[in-house]
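Following: one structure in structure tokens, then a few remarks.
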Amino acid sequence: MIARRALTGALVVLLMGYAAVHVAVWLHARKRLAHPPARVADVALVLGNRAYRDGRPNPCLTGRVDAAVALARAGLVRQLLFSGGMDKEDGRIEAEVMQQHARAAGYEGALLLETVSQSTRENLAMSRPLLEAAGVKRVIVVSEPYHLWRVERLAHAAGFDRRFEVQYAAAPTTCWQRWGMAFRGALREPLAIVNNAAHGYLH
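So the working numbering is basically just the index in the sequence shown, starting at one, shifted up by 116.
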């Protein structure tokens, strides 16, 4: 009986913690959607995601590209940097898929590709030398709204936001509008936050 109560108590604490993280992520996502970047930057850095789902380009990825292209068309950035390596599922390189989508959408501006990274933390770390080599000082980091809470803390922990002047753009992708994808994202992100925190990657 005591062991069962202890287990129940532990589960309740875990669920409450999970719910608290989820609420924090959601509120931050809403804030970022309501306050898009307003200052001109040198580059929009688009973070990777799985390239294809169900045999088609993943809207969670292409929506991020669309948001970056919109920033360029609005005159807020001069070039785009796509960051994402090879997907284990099908061997596609996320950055190259993003490049193809941007060109198909009519973007003709300058592009940089980072084609090795396998995680959000690596997106930031491996994009940094490319940005430095290009003389970049101001960056807009583009990802989905629910992703940005973790992205911002990873960037701070790695000193990314001290090396560059950083703004964040929440891409209103169709993943937000499709219940199945939104549900998977909402489940995954708190777990990713816990994992990153356990490894000391978050500040």
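Ideal Cβ placement from N, Cα and C applies to all residues, glycine included. On a predicted model such as this, the values are computed, not experimentally measured, just so you know.
Non-local beta-carbon contacts of residue 166 in its own chain, meaning distances under 8 Å to residues more than five positions away in sequence, involve 174, 176, 177, 203, 205 and 210 in chain order. Between the beta-carbon of residue 213 and that of residue 184 there is about 14 Å, and that puts the pair past the 8 Å contact cut. Look at residue 184 here: in three-state DSSP terms it is helix.
Note that the C-beta distance between residue 180 and residue 258 is below 7 Å. Per DSSP, the beta-bridge partners of residue 202 are 209. The distance from the Cβ of residue 146 to that of residue 264 is about 11 Å, inconsistent with a contact at the 8 Å cut-off.
Approximately 6 Å separates the beta-carbon atoms of residue 156 and residue 192; this is inside 8 Å, confirming the contact. Inter-residue distance for residue 189 and residue 273 is about 31 Å (C-alpha atoms, whole angstroms). Counting other Cβ atoms within 10 Å of its Cβ, residue 290 stays below 16 and is therefore classed as exposed. DSSP, reduced to helix, strand and coil, places residue 288 outside both helices and strands of the structure shown, so it counts as coil. Just measuring C-alpha positions, the residue of 228, 317 and 285 sitting nearest residue 236 is 317. By the C-beta density criterion, residue 222 is exposed, having fewer than 16 other C-beta atoms within 10 angstroms.
Residue 217 sits buried, since 16 or more C-beta atoms from the chains shown fall within 10 Å of its C-beta.
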